[in-house]
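To keep things clear, I will list the structure first and then write my remarks on it.
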Amino acid sequence: MKNFQIIRALSAASAVSNIKKEKEAMFIAGGTNLVDLMKKNVVAPDKLVDITALDLKQIEFLKGKVSIGALAKNSQVAEDKAIKEKHPLLAQALAAGASQQIRHMATVGGNMLQRTRCSYFYNTDMPCNKRVPKSGCGAIGGVNRMHAIFGASESCIAVHPSDMCVALAALDANVLVEGPKGKRQIKFTDFHRLPGNTPEKDNTLEDKELITSVEIPDNNFTKNVHYLKVRDRSSYAFALVSVAVALDLKNDKINDVRLAMGGVAHKPWRLTEAEEFLKGKTISEEIFKQAADLAMRGARGYGDNDFKLTLGANSITEALTIAASK
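Quick note on this note's numbering: the sequence shown kicks off at 69 and runs consecutively.
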């Protein structure tokens with residue numbers, strides 16, 4: 069790890085002002101991913117702007133929405149009584165992520181910005197277009213058991229590792245940011261990017277922008293929800309496949325539904341076609357299987373991860389079944 073300067077910001081405006089002065093500067097909060105990347109020499113900032121003193125830790129229930137500060141800890145949100153009651157899908161997804169110790173350090177904003185856990189990305193001796201553009205993708209034709217089956221490109225087949233982000237994509241969240249050009253709002257489903265020809269760009273943040281909060285609009289998904297995470301071991305492991313399901317049921321009929329997957333793409337993968345198919349249907353195993361088959365259309369394996377094509381469909385069916393039974 070190279071030497072770097074660290075300064076502490078006391079406001080969002082001062083944080084943005086300090087970071088825009090230098091090209092190789094980054095924000096740091098919990099540091100649960102950034103510090104690992106620095107130790108591996110995957111990133112090497114000259115300056116870190118510590119934003120932990122900013123007043124961005126609040127969870128506020130406002131008219132028509134909940135606002136969650138970017139510095140709220142993952143454990144704080146997951147254990148919040150009102151979040152559990154009004155947005156249980158988010159609480160479940162957060163509880164499935166990492167370990168309890170990491171959840172006590174990791175922030176909402178940091179969770180959104182975490183980089184892929186692709187082994188080729190972390191190994192600086194291997195080619196990786198995400199780490200070094202136009203150097204190649206070691207995972208294509210290499211060991212790719214954990215990799216994407218949706219939305220990949222010839223440049224990159226890495227996946228986004230977050231559980232929280234899958235739930236936020238399903239819940240139609242919005243991201244509020246502040247930067248040198250002022251404040252703006254981004255739909256959560258537009259926040260993360262597919263790799264295309266620029267896999268080094270994980271998201272749609274503009275240069276030196278700071279996430280200040282995430283907002284979730286009110287909904288009726290308070291009971292029939294489930295976050296299913298399929299992984300190699302029961303804790304502290306990233307998803308092979310995950311599924312976020314939220315159902316609004318009336319007399320066994322699906323009035324509204326949200327579906328998203330994790331561990332399958334460069335971003336949380338929203339299943340809008342399957343959602344539209346399910347609306348108005350009466351719940352049944354056959355209907356859920358049909359929705360799963362529809363959701364998996366266009367999926368492609370790369371060898372080691374071909375099993376995800378079957379696992380994905382089965383996981384969607386199981387998650388829908390569990391959510392509907394609550």
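For every residue, glycine included, the Cβ atom is placed at its ideal position computed from N, Cα and C.
For V311, the closest alpha carbon among the candidates Q358, D275, E353 and Q160 is that of Q160.
The beta carbon of L362 is closer than 7 Å to those of E341, A342 and F345 in its chain, skipping five residues each way along the sequence. Non-local C-beta neighbours of V293 in its own chain, meaning closer than 6 Å and more than five positions away in sequence, comprise P156, L157, A314 and A391, ordered along the chain. Residues N242 and L244 of the same chain have their beta carbon placed closer than 6 Å to that of Q253, with the five preceding and five following residues left out of the count.
The alpha-carbon separation between D240 and K269 amounts to approximately 22 Å. By the Cβ-count criterion, Q182 is buried, with 16 or more other Cβ atoms from all chains shown falling within 10 Å of its own Cβ. For secondary structure counted as the beta strand (DSSP E) over 3 or more consecutive residues, the stretch 285-312 holds these complete runs in sequence order: 292-298. About 7 Å separates the beta carbon of K141 from that of A174, a gap short enough to meet the 8 Å contact definition.
In the DSSP secondary-structure assignment, S135 is bridged to E128 and E283.
At least 8 Å separates the beta-carbon of H215 from that of L262.
Residue environment: I74 is assigned as exposed (fewer than 16 neighbouring CB atoms within 10 Å of its CB, all protein chains considered).
The DSSP-derived three-state label of N179 is helix.
Here V234 carries a helix assignment [DSSP, helix/strand/coil]. The beta carbon of K88 sits closer than 6 Å to the beta carbons of P248 and K276 from its chain, once the five residues preceding and following it are set aside; these are given in chain order. Under the DSSP assignment, M106 falls in the alpha helix (DSSP H) whose first and last residues are L102 to K107. K269 sits in coil when the DSSP states are folded into three classes, being neither helix nor strand.
Boundaries of the alpha helix (DSSP H) harbouring N142: N142 to E147, taken from the DSSP string. Judged by DSSP in its simplified three-state form, H172 adopts helix. The continuous stretches of beta strand (DSSP E) do not include V227, and DSSP gives it neither H nor E. Per DSSP, the beta bridge partners of T350 are K321. F72 carries a coil assignment under DSSP once its states are collapsed to helix, strand and coil. Under the DSSP assignment, G380 falls in the alpha helix (DSSP H) whose first and last residues are F375 to A392. Buried is the label assigned to N373, since at least 16 other Cβ atoms lie within 10 Å of its Cβ. Secondary-structure assignment with DSSP links A328 through a beta bridge to A312 and R338. The C-beta distance from G348 to K376 rounds to 29 Å, too long to fall under 8 Å, and the pair is not in contact. Secondary structure note for V84: its alpha helix (DSSP H) is the uninterrupted segment A80 to I87. In this structure, DSSP gives A93 an extended state, which the three-state scheme calls strand. Around the C-beta of L130, fewer than 16 other C-beta atoms lie within 10 Å, and the residue is accordingly described as exposed.
No residue range can be given for L262, since it is assigned to no beta strand (DSSP E) and is classified by DSSP as neither H nor E. Counted as a single uninterrupted DSSP element, the stretch harbouring L158 is not any beta strand (DSSP E) but the alpha helix (DSSP H) occupying residues P156 to A163. From the listed residues Q144, G371 and A387, the smallest Cα separation to A359 is found for A387. Nearest in C-alpha terms to D148, of all of Q126, S167 and C205, is Q126.
Taking A83 as reference, the option from G210, G204, T192 and L124 with the minimal CA-CA separation is L124.
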